[in-house]
Every structure is written in structure tokens, then in C-alpha cells.
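All residue numbers for the sequence shown refer to the numbering used here, where the first residue is 22 and numbers rise by one. A virtual CB, placed ideally from N, CA and C, is assigned to each residue, including glycine. See structure below.
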Amino acid sequence: MTGTGTQQEGGGARLAGAVVILSGGTRGMGEAMVRGIVAQGGKVVFGGRDSAAGAAIEAGLGGHALYTPLDVRREEDWSRAVTLATQRFGTITGLVNTAGFSLSRPIEAIGMAEIDEVIGINQIGVLLGMKHVVPALRAGGAGSIVNIGSAAGLRAHAGLAIYGGAKAAVVGMSLAVAAELAPLGIRVNVVHPGFFATRLLDEASRGAGRAIGRERTPMGRVAQPEEIVGTIVYLLSEDSRFVTGTQIAVDGGLTM
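Shown next as C-alpha cells:
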């Protein structure tokens with residue numbers, strides 16, 4: 022992912038020449054990642070199910086970002102994102118699977134609709150993203166995939182059997198695909214957020230997540246969405262060109 026692109030206002034050019042597809046980019050950490058990629062000279066096609074938010078983000082990023090409706094469980098949505106990225110920006114160099122959905126339920130209270138939604142978004146969506154973007158990365162001769170896991174996939178959290186299980190599966194899938202694609206120069210890594218001040222945390226915890234996060238996190242606070250961006254930029258950039266099959270926790274010491 023090298024290039025000579027122009028440095029963007031307020032940032033650097035570590036991602037000059039990069040073209041990234043990113044899911045879950047209309048709020049929270051995903052939105053921060055979209056803005057961070059553009060600030061570092063990259064182009065991004067980002068998805069999400071909030072079309073109004075997506076259009077507003079796109080409008081504010083000066084032609085460097087393109088929004089497309091993206092339900093990560095739908096293969097046709099992924100196909101459209103790949104086509105749009107290639108047509109608008111050229112060779113795709115990266116994928117960030119950010120879309121997520123969480124809920125807390127006692128094991129005996131879990132319904133099949135909830136199982137389908139949580140596993141569909143957090144696990145199947147990641148698999149489909151890789152399935153559809155890898156051919157484009159292969160055609161380009163290299164690339165970087167960053168899958169967003171969770172501290173809940175590394176450490177036991179009562180009530181998170183579905184979500185934690187799906188995020189643990191992201192690790193297994195990522196390592197398998199990293200081994201498969203390493204000879205092709207395509208890297209696959211996982212980033213595990215801890216407690217971040219996002220709507221996802223608030224919705225999953227019925228508003229109690231930030232207080233719980235401050236109590237459980239050794240650094241004594243929850244993170245802001247922007248605090249994950251540097252790790253994502255690093256893994257998408259040439260700075261990490263010999264890094265694959267690894268996991269990075271951005272969690273204030275939660276899983277240490």
C-alpha cells in the first residue's frame with residue numbers, strides 16, 4: 022500500500038494510495054476510523070445501515086469517502102461495495118470489518134432471533150466481508166484485513182454467551198485466513214476493543230456500560246472512539262507490512 026498521495030488536512034499520509042472498505046462506519050468507532058483513514062491520505066468506501074448518517078459523513082469528507090448501504094449479512098451488499106470502491110477509487114488495498122451488535126442475556130433467555138442477529142452480524146458478516154474483498158486484494162498483489170474482535174471474546178463476561186462466542190470465532194477465522202493468505206502478501210489481524218464510549222456499549226448494557234467499564238478497566242476509564250484509530254491505521258499501513266495473524270487489545274489493560 023504505497024503511494025504518493027497528498028497529505029490530508031489535519032493529518033499525515035501514512036495511508037496515501039490506500040483504498041479501504043469498512044463496515045459499520047456510520048457511528049462510533051467505525052465513524053472515527055473512516056475519518057482517520059481519510060486524514061491519513063486514504064480513500065474509503067464505508068457501509069452501515071444508517072443512510073442519513075452515512076450521507077452526512079460522506080458529504081463532510083471532500084470526495085475521499087463514499088457511503089453505501091451495507092448489511093454485512095447480505096452478499097449482494099458486499100459485492101456492491103467492492104464494485105463501488107474499484108470504480109471510484111481504484112485498486113482495493115484494505116478491509117476493516119467493524120460492524121457489530123451486542124446484547125446481554127441469561128443463557129436460558131436467549132431466543133433464536135437474537136442468536137441469528139448477533140452471530141450474523143459479528144461472525145458471518147466478517148466471513149462474508151473477507152470472502153468478497155479477498156479477490157480484489159489478491160488481484161492487487163497485497164493487502165491488509167483488520168477484523169474487530171472484542172475483549173468479550175478473550176475474557177469471560179456473564180450474559181455475553183452469544184456475543185463473546187461470536188467474537189471468539191472472529192479470532193479463529195482470522196488466524197485461519199491469515200495462514201491461507203500470507204503467501205500472497207495479504208495480512209489479517211484482529212483488534213480487540215475494551216470499553217469504548219459508544220452507542221453500542223450503551224445499548225447493550227442498558228446505559229450501565231460506561232460505569233461498569235470505569236470500574237473494570239485498570240486504567241480507570243472508558244475510551245473514546247478516536248483512541249482506536251491509530252491502531253487501525255498502523256495495521257492498514259506499510260508500517261505493519263510484516264505483521265499478520267496477530268491480535269492487539271486496545272482495552273486499557275482489561276484483558277491483561
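Three CB pairs or more closer than 8 Å across the region 66 to 82 and the region 260 to 272: no
Proximal residues to Thr252 (C-beta, below 8 Å), its chain only, five neighbours per side dropped: Val212, Ile269 and Val271
Backbone CA spacing between Arg126 and Ile140 [nearest angstrom]: For Arg126 and Ile140, the distance between alpha carbons rounds to 14 Å.
Assigned secondary structure, Leu116 (DSSP; H/G/I helix, E/B strand, else coil): strand
Delimiting residues of the alpha helix (DSSP H) encompassing Ile142: Counting along the chain, Ile142 falls outside any alpha helix (DSSP H), and DSSP gives it neither H nor E.
Exposure label - Phe217; buried when at least 16 CB within 10 Å: buried
Among Leu221, Ile42, Lys188 and Phe263, the one whose alpha carbon lies nearest that of Gln245: Here the closest residue by C-alpha is Leu221.
Bridge-paired residues (DSSP) for Gln268: Val211
Residue interval of the alpha helix (DSSP H) (run including Leu275): Segment: none, Leu275 is in no alpha helix (DSSP H) and carries neither H nor E.
Minimum length 3: unbroken beta strand (DSSP E) runs contained in the region 59 to 115: 64 to 69 and 86 to 90
Closest residue to Leu91 among Ala182, Gly46, Ala232 and Val250 (Cα-Cα distance): Gly46
Buried versus exposed, by CB contacts within 10 Å (16 or more), Thr27: With a pLDDT of only 35 at Thr27, under the threshold of 50, the placement of this residue in the model should not be trusted; the figure read from the coordinates follows. So Thr27 counts as exposed.
Contacting residues, own chain, Cβ-Cβ under 8 Å from Ile113 (five flanking each side not counted): Val40, Val41, Ile42, Val103, Ala106, Thr107, Val154, Ala157, Leu158, Gly161 and Gly164
Rounded separation between Thr119 and Asn168 - CA only: 7 Å
Inter-residue CB distance, Gly186 and Leu275 (contact presumed, cutoff 8 Å): In fact, because the Cβ distance is near 18 Å, the residues do not count as touching under 8 Å.
Contact under 8 Å by Cβ, Gly150 with Val66: no
Chain-order list of residues whose beta-carbon lies under 7 Å from that of Met50 (same chain, five-residue window excluded): Thr119, Pro214, Phe217, Thr219, Pro246 and Ile249
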